[in-house]
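K.L.:
If you want my numbering, it's the 1-based position in the first sequence plus 7.
Below is the structure I would like to discuss, written out as structure tokens.
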Amino acid sequence: MLNTIPELLRKKSVQAIFQTPTMQNVWPTWLNEIHHHLGANFAENDIINLGDNLGNIFRSTAIAGRDQGALSSGGTAWESLVCWYINLCCVGSRIVAIKTMSMVPKPIQDATTINYANFACNTESDITVIIFPNANDYNQDVNNLNIIDDHGNTIPTTVTGRINPHALNFLTERDFLNLEIGVIQCKTNWNDNAQIPMLWDMIYSAGGFSGRNITIGRNNFNIQHVRNFTYSFVTVPSNARANYNQNSVAVKRVTNLSGGNFWGQHTNVGVARSVKEIFNNNYSSGSRTNLRNDLRQALPDFKKNGDLEYFKLL
DNA sequence: ACGGGGATAGTGGCTAAGCA
DNA sequence: TGCTTAGCCACTATCCCCGT
8 MLNTIPELLR
18 KKSVQAIFQT
28 PTMQNVWPTW
38 LNEIHHHLGA
48 NFAENDIINL
58 GDNLGNIFRS
68 TAIAGRDQGA
78 LSSGGTAWES
88 LVCWYINLCC
98 VGSRIVAIKT
108 MSMVPKPIQD
118 ATTINYANFA
128 CNTESDITVI
138 IFPNANDYNQ
148 DVNNLNIIDD
158 HGNTIPTTVT
168 GRINPHALNF
178 LTERDFLNLE
188 IGVIQCKTNW
198 NDNAQIPMLW
208 DMIYSAGGFS
218 GRNITIGRNN
228 FNIQHVRNFT
238 YSFVTVPSNA
248 RANYNQNSVA
258 VKRVTNLSGG
268 NFWGQHTNVG
278 VARSVKEIFN
288 NNYSSGSRTN
298 LRNDLRQALP
308 DFKKNGDLEY
318 FKLL
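Right under this line is the structure:
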């Protein structure tokens, strides 16, 4: 079960997260905090409930004062944590979160591109979530798949044990109409940055503005052609003294996003929901049974040096 | 006119991805 | 491998709005 296309992509995505020096710096501290929240003999609910504490985990590496380096790395660190968490909760499903844009299959990169006249401003989508269709090619062990391209040639699913990007590009192109895609905008602070997700969501929702030569998509891949597309906002938030209520501008700016707004703490009704709610809200069709059940079956693999060791939970 | 609270705009060194 | 550059965010002075 853990050798499917989505699982191989997940592994590649999570391994990439741990490549950055920033992540290697913060991880020992975060892991302590994560273990503290998970408890000794954790179950699937403990993993999902980490979402209520992502903000605390993030802040456990907060540096006194604020040098510019901390500011810069903060954004990367938060994106990494959210991407790690989503993949963690989605083990066993067809839902995969990817932080590195170059790892996103080409058709999806093309579809999310926004063209401002001739200028392709590649959306700085922090995290791209792909929900693969409920089809054989995404449910079976990759060794049992036989993927034939348009010329009748077999495309290998893996290259030296890792997923073959060409196979992924081919499949996402072939099954494009049945894909679901989620874009997640991550920001550590909420106040001023709320404008950004609001504006991108407007453009995606409008499908571009033809009169002004603003269009979405390249190579005939359009985000409005996939089965479902959501745009969401996930914040820490790092603004310690901020007092958010349902009338705050920052709140109003993101409450209407197609994918909703979330934060790394307990849900505050009318303000923001815990990031753990993002799965039911946006990605539920990607679960094989349901999120908890998929996760429960994978639990043993977290607790030994097994298939899921790459999450570095040990 | 005044005061207070909330929103806004600007700052600026570091990080990491991309490229040659 | 080294260089270039887009992108990162916490804090503060200032602006704006509204009630008194």
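Cβ coordinates follow ideal geometry from the N, Cα and C atoms, glycine included.
Can you check which of these residues, Ile155, Asn196, Asn220, is closest to Gly82 by C-alpha distance?
P.N.:
As a position in the first sequence, residue 82 is number 75, starting the count at 1. Among Ile155, Asn196, Asn220, the Cα nearest to that of Gly82 is on Asn196.
K.L.:
Measure the alpha-carbon distance for Glu14 versus Asn141 and round it to whole angstroms.
P.N.:
Start at 1 with the first residue of the first sequence, and residue 14 comes out as number 7. Start at 1 with the first residue of the first sequence, and residue 141 comes out as number 134. Spanning the two alpha carbons is a distance of roughly 14 Å.
K.L.:
Apply the 10 Å Cβ neighbour rule to Phe65 and answer buried if 16 or more other Cβ atoms are within range, or exposed otherwise.
P.N.:
Counting from 1 along the first sequence, the entry for residue 65 is found at position 58. It counts as buried.
K.L.:
Please classify Ile191 as buried or exposed, where buried requires at least 16 neighbouring CB atoms within 10 angstroms.
P.N.:
Numbered from 1 along the first sequence, position 184 holds the residue referred to as residue 191. Buried is the call here.
K.L.:
Taking just the CA atoms, how far does Ala279 sit from Ala84?
P.N.:
Against the first sequence, residue 84 aligns to sequence position 77. Against the first sequence, residue 279 aligns to sequence position 272. Computed Cα separation, rounded: 21 Å.
K.L.:
Considering only residues of the same chain and omitting the five flanking positions on each side of Arg303, which have a CB-CB separation below 8 Å?
P.N.:
Residue 303 sits at position 296 when you count from the first residue of the first sequence. Once the five neighbours on either side are set aside, the close Cβ partners of Arg303 are Ala50, Glu51.
K.L.:
Let's test the definition: count the other Cβ atoms within 10 Å of the Cβ of Thr11 and tell me whether it reaches 16, buried, or not, exposed.
P.N.:
Your numbering for residue 11 matches position 4 in the first sequence. Buried, since its Cβ has 16 or more Cβ neighbours within 10 Å.
K.L.:
What is the rounded straight-line gap between the Cα of Asn250 and the Cα of Leu16?
P.N.:
What you label residue 250 is simply residue 243 of the first sequence in a count that begins at 1. What you label residue 16 is simply residue 9 of the first sequence in a count that begins at 1. Whole-angstrom Cα-Cα distance: 39 Å.
K.L.:
Output the distance between the C-alpha atoms of Val149 and Val276, rounded to the nearest integer angstrom.
P.N.:
For the purposes of this step, residue 149 is taken as residue 142 along the first sequence, with counting starting at 1. For the purposes of this step, residue 276 is taken as residue 269 along the first sequence, with counting starting at 1. Going from the Cα of Val149 to the Cα of Val276 covers about 43 Å.
K.L.:
Strictly by DSSP, which residues pair up with Ala127?
P.N.:
Within the first sequence, numbered from 1, the residue matching residue 127 stands at position 120. DSSP output for Ala127 lists Asn122 as bridge partner(s).
K.L.:
Ends of the beta strand (DSSP E) at Val268?
P.N.:
As a working mapping, residue 268 is identified with position 261 in the first sequence. A quick correction: the sequence has Asn, not Val, at residue 268. Where Asn268 is concerned, the enclosing beta strand (DSSP E) stretches over 268-270.
K.L.:
What does the Cβ neighbour count give for Thr296, buried or exposed, with the cut at 16 atoms within 10 Å?
P.N.:
Position 289 of the first sequence, counting from 1, holds the residue named residue 296. By the neighbour-count rule (16 or more Cβ atoms within 10 Å), Thr296 is not buried but exposed.
K.L.:
Let me check understanding here. Comparing Cα to Cα, which of Ser20, Phe286, Met209 lies closest to Val261?
P.N.:
Mapped onto the first sequence, residue 261 falls at position 254. Nearest C-alpha to Val261: Met209.
K.L.:
Looking only at its own chain, which residues have a Cβ that is under 6 Å from the Cβ of Ala71, when we skip the five neighbours before and after it?
P.N.:
The count along the first sequence starts at 1 and reaches residue 71 at position 64. Any reading at Ala71 must be qualified, since the residue scores a pLDDT of 47, below 50, and its modelled position is unreliable; the value itself is stated next. So no residue of the chain qualifies.
K.L.:
May I have the straight-line CA-CA distance separating Thr68 from Trp34, to the nearest angstrom?
P.N.:
In the first sequence, the residue the question calls residue 68 occupies position 61. In the first sequence, the residue the question calls residue 34 occupies position 27. Approximately 9 Å between the Cα atoms of the pair.
K.L.:
Report the residue from Thr167, Lys311, Ser292 whose alpha carbon sits nearest the alpha carbon of Leu186.
P.N.:
Counted from its first residue, the first sequence places residue 186 at position 179. It is Ser292.
K.L.:
According to the neighbour-count rule (16 or more other Cβ atoms, all chains shown, within 10 Å of its Cβ), is Asp133 buried or exposed?
P.N.:
Along the first sequence, one-based indexing puts residue 133 at 126. Under this definition Asp133 is a buried residue.
K.L.:
Express the C-alpha separation of Leu321 and Phe126 in angstroms, rounding to a whole number.
P.N.:
Here the question's residue 126 lines up with position 119 in the first sequence. Here the question's residue 321 lines up with position 314 in the first sequence. Straight-line Cα distance between these residues: approximately 45 Å.
K.L.:
Does the segment 228-244 come into contact with the segment 160-175, if we say contact requires no fewer than three beta-carbon pairs (one atom in each stretch) closer than 8 Å?
P.N.:
In short, these stretches do not touch, since the Cβ pair count stays below three.
K.L.:
Check Thr237 in the structure and name its three-state DSSP category.
P.N.:
Indexing the first sequence from 1 puts residue 237 at position 230. Here Thr237 sits in strand by DSSP.
K.L.:
Within the segment 236-315, note down every full alpha helix (DSSP H) run reaching 4 residues or more, in order along the chain.
P.N.:
Counting only runs of 4 or more, we get 256-262, 298-309.
K.L.:
Within the same chain, show all residues whose beta-carbon is closer than 6 Å to that of Ile55, passing over the 5 residues directly before and after it, in chain order.
P.N.:
Taking the first sequence and counting its residues from 1, the one referred to as residue 55 is at position 48. Same-chain partners within the cutoff: Cys96, Lys283.
K.L.:
State whether the segment 16-26 contacts the segment 98-106, with contact taken as three or more CB pairs (one from each stretch) at a distance under 8 Å.
P.N.:
A contact exists between the segment 16-26 and the segment 98-106.
K.L.:
Can you have a look at Asp199 and say buried or exposed, based on whether 16 or more other CB atoms are within 10 angstroms of its CB?
P.N.:
For the purposes of this step, residue 199 is taken as residue 192 along the first sequence, with counting starting at 1. Exposed, by the Cβ-count rule.
K.L.:
Residue range of the beta strand (DSSP E) that Gly189 falls in?
P.N.:
Against the first sequence, residue 189 aligns to sequence position 182. Gly189 -> beta strand (DSSP E) spans 187-194.
K.L.:
Let me make sure I understand the geometry here. Which of Gln31, Ala118, Asp301 has the alpha-carbon closest to that of Thr135?
P.N.:
Residue numbering aside, residue 135 sits at position 128 when the first sequence is read from its first letter. Checking every option, the nearest Cα to that of Thr135 belongs to Ala118.
K.L.:
Output the boundary residues of the alpha helix (DSSP H) element that contains Val21.
P.N.:
Your numbering for residue 21 matches position 14 in the first sequence. Here the alpha helix (DSSP H) through Val21 covers 12-24.
K.L.:
If you count every other CB in all the chains shown that lies within 10 Å of the CB of Lys310, and 16 or more means buried, which is it?
P.N.:
For the purposes of this step, residue 310 is taken as residue 303 along the first sequence, with counting starting at 1. Its Cβ having fewer than 16 others within 10 Å, Lys310 is exposed.
K.L.:
If I'm right that Asp308 touches Leu9 with Cβ under 8 Å, what's the distance once you round it to whole angstroms?
P.N.:
Position 301 of the first sequence, counted from the start, is the residue given in the question as residue 308. Position 2 of the first sequence, counted from the start, is the residue given in the question as residue 9. Confirmed, about 7 Å.
K.L.:
Assuming Gly271 contacts Gly62 under a Cβ cut-off of 8 Å, what Cβ separation, rounded to an integer in Å, is found between them?
P.N.:
Taking the first sequence and counting its residues from 1, the one referred to as residue 271 is at position 264. Taking the first sequence and counting its residues from 1, the one referred to as residue 62 is at position 55. Going by Cβ atoms, the distance from Gly271 to Gly62 rounds to 3 Å, so yes, they are a contact pair.
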